[in-house]
Amino acid sequence: MKKKVYLYSTVFLVVSVALSLLFKLDWSQAGIILTELRFPRTVAAVAIGSALALCGVVLQTVLSNPLSEPYTLGIASGAALGAALGKTIGLRLNFLGLNGGAVIGALAILFILLRLVRKSGHGAEAMILIGIMLSLFGSSLLSVWMALADPVGVQSVTFWLLGDLSRVELKTAVALLVFSILAGIFFWMISKKLDAFLFGEKWVESFGVSYARTQLQVVIVVSVLVGFCVSAAGMIGFVGLVVPHWARKGVGSRHRDLVPVSAILGAGTLALSDGLARAIGDPRELPVGAVTALVGAPLFIFLLVKSKKTGAGVGSLEQDGAE
Amino acid sequence: MMYFSVRKLHVQTAEGKTLLRPTSLEIERGKVIGVYGPNGSGKTTFLRSIAGVNSHFQIGEVWVDGMQITHAQNPSSRVHRIMYLGSDYPSPFDIRVRELMEMGSGFSGKPQSVEHITAELGLKALNSRLVGTLSDGEKQWAMFGRALIQSPQVMVLDESFSKLDLDKLLHAAKVIQKQAAAGMTFVVASHDLNFLSEISDQLVLMQNGKILQAGEVRETLNSFYLEKLYPALQLQVIKSPNSGKEKIIY
Chain A
231 MKKKVYLYST VFLVVSVALS LLFKLDWSQA GIILTELRFP RTVAAVAIGS ALALCGVVLQ
291 TVLSNPLSEP YTLGIASGAA LGAALGKTIG LRLNFLGLNG GAVIGALAIL FILLRLVRKS
351 GHGAEAMILI GIMLSLFGSS LLSVWMALAD PVGVQSVTFW LLGDLSRVEL KTAVALLVFS
411 ILAGIFFWMI SKKLDAFLFG EKWVESFGVS YARTQLQVVI VVSVLVGFCV SAAGMIGFVG
471 LVVPHWARKG VGSRHRDLVP VSAILGAGTL ALSDGLARAI GDPRELPVGA VTALVGAPLF
531 IFLLVKSKKT GAGVGSLEQD GAE
Chain B
4 MMYFSVRKLH VQTAEGKTLL RPTSLEIERG KVIGVYGPNG SGKTTFLRSI AGVNSHFQIG
64 EVWVDGMQIT HAQNPSSRVH RIMYLGSDYP SPFDIRVREL MEMGSGFSGK PQSVEHITAE
124 LGLKALNSRL VGTLSDGEKQ WAMFGRALIQ SPQVMVLDES FSKLDLDKLL HAAKVIQKQA
184 AAGMTFVVAS HDLNFLSEIS DQLVLMQNGK ILQAGEVRET LNSFYLEKLY PALQLQVIKS
244 PNSGKEKIIY
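Going line by line, the protein sequences match chains A and B. Going by my numbering, the letters in the first sequence line up with residues 231 to 553, in that order. Going by my numbering, the letters in the second sequence line up with residues 4 to 253, in that order.
Here it is in structure tokens:
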């Protein structure tokens, strides 16, 4: 059963990558288009897709909230704001096209979020509400900042808000891929600890796992990863929401399998979305974040309504996936 | 030194409100300690603080088998000594009962056999079910199984059987007595005094954040202390013709 899921996921990834590389390819200039344009952005899509899916999985788990992901919690918009502010004030934290300001922004939003949720004493829904408001606030602040302080760059507000994989250089894409794989290995190594979070905050320690320490480790790794992804390609929403739920249907909620499968499916999903964004809009290009949101946003609403109705949470989605 | 001892344990909120007045208790290995008290008498605070999972401010010492239990400790070495199990299990995500049992094994230094405990609790039929689809009682039963597999030296059960039917409750009593005979120590809080009297070697009665009386069941479960707990109620204690244990009639 699980072997099949790995097999199908890998096939999906390969097919998606092939489509993304080859779709509507002008064969007379195939060499240069592939090496100069499509290869770097496909590597970037694979790296960012898997990173976002990984972040979604671990955030959902350590926050006990099935609707969590970097975009809905405002972490992505914090990263975008951090990157834009950092650039304008000349913060020199860049390397390989990745921006340290974005990591700081992502971390700041996550800590603000956790603090607010703790203070308000409310549960999962409050966290999402606060997250979405932080996300809107961050995005608006970003738009205002770009309009006032960075008049030349105003056009790239769209880049930050809807994502764009076309500008990622190959070295940046490769660096992202390395970070994504390292984070994946880290999450896989703590998969047993993550399993202990499946029954909510109160029970984590009855398994012998430190709630605060594990959550902190995850939050830091997620912030770094989201910061790098956003600084390279802007905010791409809902990959981190859709993919983990899809992966859970296949392999259940134990992280030993959930982490790798999510990473593979996430990579394939973003490669496919990027291919679609180019194909649908041809000869122009749709923002890839718009494509992912078109699928992701309805699913988000579906999950929210369903979890309210059953009271059992979103895990009940996998009921039909019996072994 | 006693196997499990609580010394002058004192718990306060951050605002200085006392939740548990200085409490001491000495318990031998393999004993079953029942804890009873009215709602709000401090049972959960007491149980969480002895297990090192209390989030309030606490002073005093808790020792299990020569190691001091504190909140700051590495949870994996702490849980090996003493584990707190509660009563409800919200699960936003879901796993199968079988996976839950394997988790119990994976988190333990010296787990009990998954097969053995699954068979003993009759959980085989539930193995492929998702925990979220179980009834509340079945969830508690599965969680108890997981805890047994994880096999702490002291198991603290805080209303962990509140949703079990009579059949499972008496089954739990048997399992607890068997595990205790094999050396596991239990601290069990319940609102079912008749259940506590059945399984307990000693009974702790709590009132207003302190221990009213602790001792053998026949020394604690009598009209004198019941009247102190509930002056307005007409309660009677009789001996069960079946087990010879004290039972409450009302």
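Glycine residues also receive a C-beta, built at the ideal position from the N, C-alpha and C atoms. None of these values were measured; they are calculated from a predicted model.
For residue i, does the three-state DSSP call read helix, strand or coil?
| i | result |
| --- | --- |
| A/VAL241 | helix |
| B/GLU219 | strand |
| B/GLY107 | helix |
| B/LEU208 | strand |
| A/GLY480 | helix |
| A/PHE253 | coil |
| A/GLY261 | helix |
| B/MET158 | strand |
| B/HIS13 | strand |
| B/ILE214 | strand |
| A/PHE409 | helix |
| A/TYR301 | coil |
| B/ARG132 | coil |
| B/TYR233 | coil |
| B/SER243 | coil |
| A/PHE556 | One cannot answer for residue 556 of chain A here, as it falls past the ends of chain A, which runs 231 to 553. |
| A/GLU515 | coil |
| B/ALA192 | strand |
| B/TYR228 | helix |
Can you find a CB in chain B that lies within less than 7 Å of the CB of residue i?
| i | result |
| --- | --- |
| A/GLY331 | no |
| A/ASP425 | yes |
| A/PRO517 | no |
| A/GLY543 | Note that A/GLY543 scores 44 on pLDDT, short of 50, meaning its location in the model is unreliable and no value can be drawn from it. |
| A/GLU435 | yes |
| A/LEU488 | no |
| A/LYS554 | Residue 554 of chain A lies beyond the residue range present for chain A, which begins at 231 and ends at 553; the question has no answer from this structure. |
| A/GLY551 | With a pLDDT of 33 at A/GLY551, under the threshold of 50, the modelled position of this residue cannot be trusted, and the question is left open. |
| A/SER492 | no |
| A/GLY496 | no |
| A/GLY511 | no |
| A/PRO296 | yes |
| A/LEU428 | yes |
| A/SER350 | no |
| A/GLY286 | no |
| A/GLY438 | yes |
I'd like to know whether the C-beta of residue i is nearer than 7 Å to at least one C-beta of chain A.
| i | result |
| --- | --- |
| B/ASP170 | no |
| B/PHE96 | yes |
| B/GLY140 | no |
| B/GLY186 | no |
| B/MET4 | no |
| B/MET106 | yes |
| B/GLY109 | yes |
| B/GLU102 | yes |
What residues in its chain sit with their C-beta under 7 Å from that of residue i, if we drop five residues either side in the sequence?
| i | result |
| --- | --- |
| A/VAL398 | PRO270, ARG271, ALA274, ALA462 and ALA463 |
| A/ALA313 | ASN329, GLY331, ALA332, GLY335, VAL460 and SER461 |
| A/LEU340 | ILE305, VAL449 and SER453 |
| A/GLU548 | Low per-residue confidence applies at A/GLU548: pLDDT is 37, beneath 50, and the placement is therefore not dependable, though the value from the model is reported in the following sentence. Excluding sequence neighbours, A/GLU548 sits near ARG478, LYS479 and GLY482. |
| A/ILE360 | LEU343, LEU346 and VAL347 |
| B/SER1 | For residue 1 of chain B there is no data in the structure shown, the boundaries of chain B being 4 and 253. |
| A/ALA520 | LEU392 |
| B/GLY40 | LYS46, LEU208, MET209 and GLN210 |
| A/PHE416 | VAL451 |
| A/ALA542 | Legend: pLDDT at A/ALA542 = 42, less than 50; position of this residue unreliable, value from coordinates given subsequently. For A/ALA542, where only same-chain residues beyond five positions count, there are no Cβ hits under 7 Å. |
Give me, in chain order, the residues of the same chain whose beta-carbon lies closer than 8 Å to that of residue i; leave out the 5 immediate sequence neighbours on both sides.
| i | result |
| --- | --- |
| A/ALA552 | Bear in mind that a pLDDT of 33 at A/ALA552, under 50, signals an unreliable position, so the model cannot answer this. |
| B/LEU126 | VAL100, MET104, ILE120, TRP144, ALA145 and GLY148 |
| B/HIS59 | VAL14, GLN15, THR16, ALA17, LEU22, THR48 and SER52 |
For residue i, count neighbouring Cβ atoms within 10 angstroms of its own Cβ and tell me buried if that reaches 16, exposed if not.
| i | result |
| --- | --- |
| B/SER246 | exposed |
| B/SER44 | buried |
| A/SER429 | In the sequence under discussion, the amino acid at residue 429 of chain A is Phe, which differs from the Ser named in the question. Flag for A/PHE429 reads buried. |
| A/THR265 | exposed |
| B/VAL217 | According to the sequence shown, residue 217 of chain B is Ala rather than Val. B/ALA217 comes out buried. |
| A/GLY414 | buried |
Looking only at its chain, what residues have a beta carbon closer than 6 Å to the beta carbon of residue i, apart from the 5 residues adjacent to it on each side?
| i | result |
| --- | --- |
| B/PRO25 | LYS11 and HIS13 |
| A/PHE437 | ALA426 |
| A/SER280 | SER410, ALA493, GLY496 and ALA497 |
| A/LEU249 | GLY505 |
Mind checking the region 470-484 of chain A against chain B and listing, in chain order, the residues whose C-beta falls within less than 8 Å of any C-beta there? ARG478, GLY482, SER483 and ARG484
Chain A contacts from the region 64-94 of chain B (Cβ-Cβ distance under 9 Å): ASN77, PRO78, SER79, SER80, ARG81, VAL82, HIS83, MET86, TYR87, LEU88, GLY89, ASP91, TYR92, PRO93 and SER94
Closer than 9 Å, Cβ to any Cβ of chain C: which residues of the region 43-58 of chain B, in chain order? Note that chain C does not occur in the displayed structure, where the protein chains are A and B.
At a Cβ cut of 9 Å, what residues of the region 8-19 of chain B count as close to chain A, listed as they run along the chain? none
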